[in-house]
Amino acid sequence: MATITQAQTAPKGGEQKQEREKLTIAVLSGDLERALAAFMLATTGASMGMEVNMFFTFWGLNIIKKNEGSLKSKGIMRKMLNIMNRGGSKRLKLSNLNMMGMGTWMMKKLMKETNIPSLDEMIVMANEMGVNMIACTTTCGLMGLPTDTESFRDEIQIMAGAAYFLNEARKSSVTLFI
């Protein structure tokens, strides 16, 4: 069971001042249900007044890749990786019960029927709520993705490496890996 506590600064002049809590989420998976969970937690944290950072790495980068077009990459292995792994939030599949796309279709239909926002809507909402979305430059280099924001959705404004994530994680009251 996790316990969440509020971080506090040293009192000034007898008053107790509270710092804004911070939530840092490392998004490693490119599966639809995990992406949905990450954005549900991020938007909930932001609505509770937390500073929220989402650090996308490895297959999690697929969530924030642009939905249209293909990426140019160098080297045969990276080209093959990008052909097989086109990414984009509209192409994500369920990790279990995908059933050749039928499970993903059913999940999206159920979400619509129960008024749960789509993943694309959650990404826009998170951005509007001030959630910082960061793409991992180290993984981009490994996978042959450009290390600028041009390959990613407009909501991605920060490109950074593992040191950035660790710095944010150590200052966070809650750190999650999804």
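FYI, in my numbering the residues of the sequence shown are 611 to 788. Yeah, the Cβ is synthetic: ideal placement off N, Cα and C, and Gly gets one too.
Limits of the unbroken beta strand (DSSP E) element including residue i
i, result
"residue 635", "632-637"
"residue 744", "742-746"
"residue 786", "784-787"
Own chain partners of residue i with C-beta closer than 6 angstroms, once the 5 adjacent residues on each side are dropped
i, result
"residue 700", "677"
"residue 744", "665, 768 and 770"
"residue 705", "641"
Start and end residues, alpha helix (DSSP H) containing residue i
i, result
"residue 778", "772-780"
"residue 649", "642-657"
"residue 722", "712-723"
Classification of residue i by the beta-carbon crowding that lies within 10 angstroms, buried from 16 upward
i, result
"residue 630", "exposed"
"residue 722", "exposed"
"residue 747", "buried"
Reduced DSSP category for residue i - H, G, I as helix; E, B as strand; rest coil
i, result
"residue 663", "strand"
"residue 676", "coil"
"residue 733", "helix"
"residue 768", "strand"
Contact set for residue i: own chain, Cβ-Cβ below 8 angstroms, skip 5 residues either direction
i, result
"residue 684", "754"
Cβ shell of residue i (< 7 angstroms), same chain only, five flanking positions each side left out
i, result
"residue 708", "714"
"residue 781", "632"
"residue 669", "638, 639 and 640"
Beta-carbon separation (whole angstroms), residue i vs residue j, contact threshold 8 angstroms
i, j, result
"residue 752", "residue 645", "Contact flag wrong, Cβ pair sits at about 20 angstroms."
"residue 733", "residue 688", "Incorrect: roughly 25 angstroms between the Cβ atoms, too far for contact."
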